[in-house]
Structures are given as C-alpha cells and as structure tokens.
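Have a look at the structure below, then the notes.
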Amino acid sequence: MEVKFRASLKDPSVKVPVKIDFKKIQEDIFQEYALIARSMPNDIITQDPTPKSLHAVFYELSPQLWPILEKDSVRCLLNFLVSKRGMAYKHTITSQTLTYMISYDALRCAKVILEGKAPRLNGHHANPNCINPYGYFPLHEAAERFSVDMIKLLFRHGASANVRTVGDNIIENLLPLHVAVENTCLHKYLEDNLFPYQNHRDYIYKIIHLLCMPEMKIFLDTVRLLAERTDNLVDEIWNYVKDGKLVQSAVLLLSAQAQIRGGCSSKRNGNNKRDGFDIIMCHIVRHLVTLRSENKNTNTRKLREEERIFMEFTGLLVDIVSQAGEALSAYIQAHSKKSISMYFAKISLIYEVEI
C-alpha cells in the first residue's frame, strides 16, 4: 500500500495539494504597498484629502504624541506610528501629523516622516505640499515659528514657498512669507519703540535701527530664507507699499535685498536682470504722479497729501536699503551679539557713509 501511494505521487494525473505560503504573500503585499507609498508625489494639494473621521482620531491621539515630539524621539515616534491608526491615509502620512510635529519643532521626527526611508514606515512619507485641515501648509507653520532649520528641511524635501492659505476659518491667500513678515512686525521691540506717526523722516531711520538689532536677526533670517524661494517678490513688496504697510515693507526690503538687487524676483516682460529696487522706485514715482493729478479734488486733498508724504518716505526707505542694504546685512550677520549702544552708533555710521 505504501509503495502504491508513493508511485501515485509521480503520476501526473493525480493532483497534489499545493502548500500556500501566507507569509510570502503578506510580504509581497507589503512590498507592493511600500512601492505605491514611495511613488506618491509631493504635488501641491489645496484640499485636505483626509476624512473628518480621521481628524477626530488624531485629536484623541495627540495627547500621547506630544511628549514624544517634545523629546524629538525618532524611536518612540516609529513605535507610536506602527501601533496607532489615524496618522496616515492612502499611503501618505497626513499633513495634520506633519504640522503637529513642526509646531513642536521636532526636527528629527519631521525628517524621518518626510524621507519615509525607515523600514517600519513601509514607504509611507509626508507630503510637505499638502494642505492641512486648518487651511494652511506645513511651511506656514514653520514660518510662524521662525524655525529656520525646519524651513530648510521642508525645502530640501520639495516644499513650495508659493502655497497660499485657503478656507473660511483663516485669512486667505497668505504666503508663508506673509506669515513671517507679519509676525516679525509684532515683535515687542518694534511695537514698543516705533513712533506713533509714520509720516516723518525719523520714522524711517528708527525702523532701520530696530530691524538691525541683534534680537531681530532670527526673524530677518526667516524672511530672507522664504523670500529666496518666493515668486514675484517685487510685486509682494509693492503690495505692502500701496497698502500703506511701511514696517512690513521695511522688513521685506532689508531681509530680501539680495534677491531684489539680483532682479530674480520679477518675472514680468521676460526681464530677469532688472534691479528690483528700480522697479519699486518706478512704481512709487508713477503713484506720486497719479496722486498729484488727483490732488485737485478738494474733498480728497488732505487724504491724498498724507498718501503723498507716505510714498515719499517709502521712497527714502527704498533708497537707503538700495544703497546701504549690503553693508547693513553684513553687519547684522557679523555683529548679532554686540551691545545695543555700540550697535546703534555703528548702524548710523553705515548708512550715513553709504548714502
């Protein structure tokens, strides 16, 4: 009987049960999922793809996540990501998760999920160009916190500086650059020390003094870093000028003067070599001419006169930064820890000599 059974195994007409290797099938499925996850592009996504139910799950998990992010522990993060659901959707780690990490300035953790190379992530990674449920992008969060290293990390992984806020519960159409500029203007040194009236020559000098203070360096560095990647920079400056935002204009002019000077910030008419300062001054001159022609109307004469004075002082600001911006920038980088009294004397000397 035993001999007959062995012989039957060699008989092709006899079907032998095939042993299914479930472990191998599971490995193949994981590899396929990992391949899909790695191939997910970092395209700009202006509508959060994650369902609201997943947002609720993340809110429940966040109290457990923040101690990990405070320590910036990659090992604990990976253990947490593997054991919990609610931080990934359709082969991608959610923008909500990445934004939360940036809010804690967890640089190592953010680097791991942006790369997606850790074996335990199975190819899953975060898209730095995906909007979060709150209507802004990870780069907006990094800009708000003036985290230069985080901004550099996001740029290395393809983050765009030209993404804008979207939604009913947020100020719309803001670039990360706008967030950094506006928050810089809220610094206590500026709020406490600027004169109440802008239409005075000394106001311009005071702005320059305050922006060159050592305490302002990290803010200017953040604005400069974002300005380097922002399209149509001259247009953004002019928008601040024509809206009467002198301090914001000064922050952007001084921080981004290298980009403005290089002409790389304007893409109009195919002319990338024109000095951005010249373009801004042309805008100001044209606006002044328009104001003078409209000044004949007595009902708006006082208002136009105030606007004319503002434009003239803005022109002075542009001229100072155009002439002395490089020297001021070099001084800020080299003397960020000097005493305040020495600093004021040096800055005054710089732009008196340059102009």
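So the mapping is simple: this note's numbering equals the position in the sequence shown, first residue as 1, plus 1235.
In this text, a Cβ means the ideal position worked out from N, Cα and C, and glycines have one as well.
Asked: Leaving out the 5 sequence neighbours to the left and right, which residues in its chain are closer than 7 angstroms to A1341 when beta-carbon positions are compared?; Found: L1304 and D1307
Asked: Mind checking Q1483: buried by the 16 CB within 10 Å criterion, or exposed?; Found: buried
Asked: Using the rule of at least 16 other Cβ atoms within 10 Å of the residue's Cβ for burial, across every protein chain shown, is C1344 buried or exposed?; Found: buried
Asked: Since I believe M1336 is in contact with T1329 (beta carbons under 8 angstroms), could you give me their beta-carbon distance rounded to a whole number of angstroms?; Found: Actually they are not in contact, since the Cβ atoms of T1329 and M1336 sit about 11 angstroms apart, beyond 8 angstroms.
Asked: Hey, would you say Y1371 sits closer than 7 angstroms to T1327, going by beta carbons?; Found: no
Asked: Does DSSP put T1332 in a helix, a strand or coil?; Found: helix
Asked: Alpha carbon to alpha carbon, what distance is there between V1556 and I1544?; Found: 19 angstroms
Asked: Would you kindly report the start and end of the unbroken alpha helix (DSSP H) that includes G1560?; Found: R1536 to A1569
Asked: In the stretch 1291-1324, which residue ranges form an unbroken alpha helix (DSSP H) of at least 4 residues, counting only runs that do not cross its ends?; Found: 1309-1318
Asked: Evaluate contact between the stretch 1426-1434 and the stretch 1451-1462, counting only Cβ atoms and requiring at least three cross-stretch pairs below 8 angstroms.; Found: no
Asked: So, do the stretch 1415-1425 and the stretch 1355-1372 have three or more beta carbon pairs nearer to each other than 8 angstroms?; Found: no
Asked: How far does the alpha helix (DSSP H) with V1486 in it extend, from its first residue to its last?; Found: L1481 to S1490
Asked: Beta-carbon within less than 6 angstroms of G1402's beta-carbon, same chain only, minus the 5 sequence neighbours each way: which residues are those?; Found: G1370
Asked: Which residue's Cα is closest to the Cα of L1488: K1287, L1389 and G1560?; Found: G1560
Asked: Considering C1365, what are the terminal residues of the alpha helix (DSSP H) in which it resides?; Found: C1365 -> no alpha helix (DSSP H), and no H or E assigned at all.
Asked: So T1549 packs on L1455, CB below 8 angstroms; how close in whole Å?; Found: Wrong, their Cβ atoms sit about 19 angstroms apart, outside the cutoff.
Asked: Drop a sphere of 10 angstroms on the beta-carbon of N1364, count the other beta-carbons inside from all chains shown, and report buried for 16 or more, exposed for fewer.; Found: buried
Asked: The alpha helix (DSSP H) spanning V1401 covers which residue range?; Found: Note, V1401: premise wrong, no alpha helix (DSSP H); not H, not E.
Asked: Is I1519 helix, strand or coil by DSSP?; Found: helix
Asked: What's the C-alpha gap between S1318 and R1380?; Found: 30 angstroms
Asked: Which of helix, strand or coil does DSSP assign to I1279?; Found: coil
Asked: Work out the CA separation of Y1294 and N1526 for me, nearest whole Å.; Found: A small correction: the amino acid at residue 1526 is Leu; Asn does not occupy that position in the sequence shown. The alpha-carbon atoms of L1526 and Y1294 are separated by roughly 53 angstroms.
Asked: Would you list the residues sitting across from P1327 in a DSSP beta bridge?; Found: Checking the displayed sequence, the identity of residue 1327 turns out to be Thr instead of Pro. In DSSP, T1327 forms a bridge with Y1324 and H1360.
Asked: Can you tell me whether L1538 is buried or exposed, with buried defined as 16 or more other CB within 10 angstroms of its CB?; Found: exposed
Asked: Please go through the same chain and pick out, in chain order, the residues whose beta-carbon is closer than 7 angstroms to the beta-carbon of I1472, but skip the five residues on each side of it.; Found: S1484, L1487, L1488 and I1515
Asked: What do you reckon, are the CB atoms on L1388 and K1346 nearer than 7 angstroms?; Found: yes
Asked: Measure the C-alpha to C-alpha separation of V1553 and L1412 and round it to an integer number of angstroms.; Found: 19 angstroms
Asked: Just how far apart, CA to CA, sit K1325 and L1356?; Found: 13 angstroms
Asked: Using a 10 Å radius around the Cβ and a threshold of 16 neighbouring Cβ atoms, would you call A1272 buried or exposed?; Found: Annotation note: pLDDT 46 at A1272 (below 50); position unreliable, coordinate value reported separately. By the neighbour-count rule (16 or more Cβ atoms within 10 Å), A1272 is buried.
Asked: For Y1440 and R1391, what's the separation of their Cα atoms in angstroms?; Found: 37 angstroms
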